[in-house]
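So the structure is just underneath, and the comments pick up after that.
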Amino acid sequence: METILSLKNLHKKFGGIHAVNDLSFDIQKGNVYGILGPNGSGKSTTLGIILNVVNKTSGSFSWYDGNLTTHQALKKVGAIIERPNFYPYMTAIQNLELVCKIKGIPFDKISEKLKVVNLYERRNSKFSTFSLGMKQRLAIASALLNDPEILILDEPTNGLDPQGIHEIRVLIKEIAQTGTTILLASHLLDEVEKVCSHVVVIRNGIKLYSGTVDEMVASHGLFELKTDSDTEKLMELLTKFEGISAIKTEDDKIIATLNKPVSASEINSYLFQNGIILSHLVKRKPSLEQQFLTLTNKN
Amino acid sequence: MLRLLNIEIHKLKHNRASRVLIFIYFVLLTSIALIAAIKFDIGPVKFHLADQGIFNFPYIWHFNTYIASILKFFLLLVIVSMMANEYSNKTLKQNLIDGLSKKEFVLSKFYTVILLALISTIFVFFVSLILGYSYSDFTEFSIITTDLEYLIAFFVKLVAFFSFGLFLGILVKRSAFAVGAMLVWAMIEGFAKGMLYWKFDTMVANVMQFFPLEAMSNLIKEPFTRLSAVKTVAKQVGEDLSKDFSVQPKDIAIVLVWTAIFIYLSYVLLKKRDL
Chain W
-11 METILSLKNL HKKFGGIHAV NDLSFDIQKG NVYGILGPNG SGKSTTLGII
39 LNVVNKTSGS FSWYDGNLTT HQALKKVGAI IERPNFYPYM TAIQNLELVC
89 KIKGIPFDKI SEKLKVVNLY ERRNSKFSTF SLGMKQRLAI ASALLNDPEI
139 LILDEPTNGL DPQGIHEIRV LIKEIAQTGT TILLASHLLD EVEKVCSHVV
189 VIRNGIKLYS GTVDEMVASH GLFELKTDSD TEKLMELLTK FEGISAIKTE
239 DDKIIATLNK PVSASEINSY LFQNGIILSH LVKRKPSLEQ QFLTLTNKN
Chain S
86 MLRLLNIEIH KLKHNRASRV LIFIYFVLLT SIALIAAIKF DIGPVKFHLA
136 DQGIFNFPYI WHFNTYIASI LKFFLLLVIV SMMANEYSNK TLKQNLIDGL
186 SKKEFVLSKF YTVILLALIS TIFVFFVSLI LGYSYSDFTE FSIITTDLEY
236 LIAFFVKLVA FFSFGLFLGI LVKRSAFAVG AMLVWAMIEG FAKGMLYWKF
286 DTMVANVMQF FPLEAMSNLI KEPFTRLSAV KTVAKQVGED LSKDFSVQPK
336 DIAIVLVWTA IFIYLSYVLL KKRDL
């Protein structure tokens, strides 16, 4: 598989703040990647570095196995950063024409892309008259102008209303279906879970996890248990049970994480035989959100 | 190069403020011709400025480039705002992400500076030519083509001045403050000049000629004392105003070095900054 982008031991320090700390990962063609992390975890900085607007402190990154310089590679990339930035005094079309001139491509895709993002009717309105959602959609149109091989999106739904969020998500999914590689930075987990195939989790600039979304959520699941009688004894019994790796209490429930397949009836009969009657027993698969919280709270 | 120029012109031509300022600038350049209309007709005293020899070839080259270079402040506003607006609209960041390199970005601005200076020079050339043909006492080809180096000096002066503006625009990122910084710098130079004259009477010009704004103003010296009418008056009061009014290659060299420094510093500044 072709590697589009590869980061090696990337560091970025802003004064005393270590915003990106020894970050390494590869982006393969055709996948949809999510970069997950809480606010201020270094997502935008990382994207800034690979997009040539933030200078790295040390480490390296290369586009297309180093066959292209960053500046050449960016012409094959479509990117949107936190906020849509355009010339307020130009119309949608004029702004897109400028992008075409910078990327060195003809103007003939402009109408098509404006239709894709539903802005064709407003093509001759000045950018300054657009709402945030329209500005964000124009940014997407601009990023799609060159039919990019990789689309980089930084918090594309930030600040949008539910309808706008929905529109952008549908758009991203449609783009992903065309086989475009996507790199999506977000702190919205369901967004990443719904759209991405791979995920990189970072916190405080340090990579905590990188791999497929399936692997990340994959586990033998967990049990939620509750008893009206002896909670202490229940905990003790669970610790002894083979196949349970961790136990913790959450509100009034006990959460038991499994490290091998165990059915609900197995655990129920084991506890019943030992004199515990459960008032609540649920077997669940963890969501990406739980896995993310587990990852980011550890360490 | 044409691509970079094309990008920058696209940004300028859709900006109403820039369009208006550039238009006013060229209207003002044309209005140099209006000096020709200055006439006092008070009974026995008849004074027609155009008849005093200011439009004589080759003196007109000196006079018009000097007057025209006063108007450069209009274009300075355009240049500084075209730079500073890239920061305030954050479009600089977007341009870089879209695939413009930092070097190309600075070059596109610099090419625009050269283009504007070139158009101004050509414009002044034609305005002067027309005025000269209308009012000059001599219209022989050999006289017309003497002292054309004032046009070169004019061009170099504009390029340097706008490059300074460009650099300040990148440095302070806000148009108003950049223009302010230019004024502050002019004051610093004035202050330095005053201090130098106070401490050492001689040699001051030798030091001052290396300051950017002073070097630019040295390129085209004031033309008024060169007028024969003024000289005659001066001679009557016992002043000798004869000095060298020609364009000095050394001054051109100093100004060109400053231009290179400003553009290079702009690039270094942009490269070092995180956006």
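These protein sequences, in sequence, are chains W and S. Counting along the first sequence from 1, when you hit position 94 you're at 82 in the numbering used here, and nothing is skipped either side. If you want the numbering used here, it's the 1-based position in the second sequence plus 85. The C-beta atom is built at its ideal place from N, Cα and C for all residues, glycine as well.
| Item | Value |
| --- | --- |
| So, at 7 Å on beta carbons, what are the nonlocal neighbours of Glu70(W) in its own chain, with the 5 sequence-adjacent residues on each side left out? | Ser32, Asp142, Glu143 and Asn146 |
| Out of His6(W), Thr200(W), Arg191(W) and Lys248(W), state which residue places its alpha-carbon closest to the alpha-carbon of Leu210(W). | Lys248(W) |
| For the pair the stretch 243 to 259 of chain S and the stretch 188 to 198 of chain S, tell me if three or more CB-CB distances fall below 8 Å. | yes |
| Taking its Cβ as the centre, do 16 or more other Cβ atoms sit within 10 Å of Asn170(S), making it buried, or is it exposed? | buried |
| Would you mind telling me which residues of chain W sit closer than 8 Å to Thr176(S), beta carbon to beta carbon, in chain order? | Asn73, Phe74 and Tyr75 |
| Compute the Euclidean distance between the alpha carbons of Thr34(W) and Gln333(S), then round it to the nearest angstrom. | 52 Å |
| Does the Cβ-Cβ distance between Phe115(W) and Asn83(W) come in under 8 Å? | yes |
| When the distance is taken between beta carbons, is Ile23(W) closer than 8 Å to Leu246(W)? | no |
| Report, in whole angstroms, the separation of the C-beta atoms of Pro129(S) and Ile228(S), which I expect to be a contact under 8 Å. | With a Cβ gap of about 33 Å, Pro129(S) and Ile228(S) do not count as contacting. |
| When the Cβ atoms of the stretch -2 to 11 of chain W are set against those of the stretch 183 to 196 of chain W, are three or more pairs found closer than 8 Å? | yes |
| Less than 8 Å between the C-beta atoms of Ala80(W) and Ser113(W), yes or no? | yes |
| Does the beta-carbon of Ser275(W), which I'm using as the reference point, lie nearer than 7 Å to any heavy atom of the ligand FAD? | Ligands displayed in this structure: none; no statement on the ligand FAD is therefore possible. |
| Distance check for Lys103(W) and Ile92(S), CA to CA, integer angstroms please. | 25 Å |
| Distance check for Thr58(W) and Tyr52(W), CA to CA, integer angstroms please. | 9 Å |
| Which residues does DSSP list as the beta-bridge partners of Leu119(S)? | Its beta-bridge partners do not exist; DSSP assigns none. |
| Once you ignore the five residues that flank Asn134(W) on each side, which residues in its own chain have a CB closer than 6 Å to its CB? | Lys91 and Ile93 |
| Would you kindly work out how many angstroms separate the C-alpha atoms of Tyr235(S) and Thr206(S), rounded to a whole number? | 10 Å |
| By how many angstroms is the C-alpha of Leu185(S) removed from the C-alpha of Leu86(W)? | 11 Å |
| Quick one: is Asn55(W) near chain S, going by C-beta distance under 8 Å? | no |
| Can you check which of these residues, His(-1)(W), His175(W), Ala129(W) and Ile163(W), is closest to Ser99(W) by C-alpha distance? | Ala129(W) |
| Is it buried or exposed, Pro72(W), if we count other Cβ atoms within 10 angstroms and call 16 or more buried? | buried |
| Rounded to whole angstroms, what's the CA-CA distance from Thr169(W) to Gln151(W)? Just pull it up for me. | 25 Å |
| Would you grab the beta carbon distance between Lys17(W) and Ile38(W) for me? Rounded to a whole angstrom, and I think it's under 8 Å. | Actually they do not touch by this definition, with Cβ atoms about 16 Å apart. |
| Quick check on the burial criterion: 16 or more other C-beta atoms within 10 angstroms. Buried or exposed for Gly3(W)? | exposed |
| Span of the beta strand (DSSP E) holding Asn(-5)(W)? | The displayed chain sequence assigns Leu, not Asn, to residue -5(W). Segment Thr(-9) to Phe2, the beta strand (DSSP E) holding Leu(-5)(W). |
| Cβ of Val180(W) less than 8 Å from any chain S Cβ? | no |
| Output needed for Ala234(W): all residues of its chain with C-beta closer than 6 Å, excluding positions within five of it in sequence on either side, in chain order. | Thr245 |
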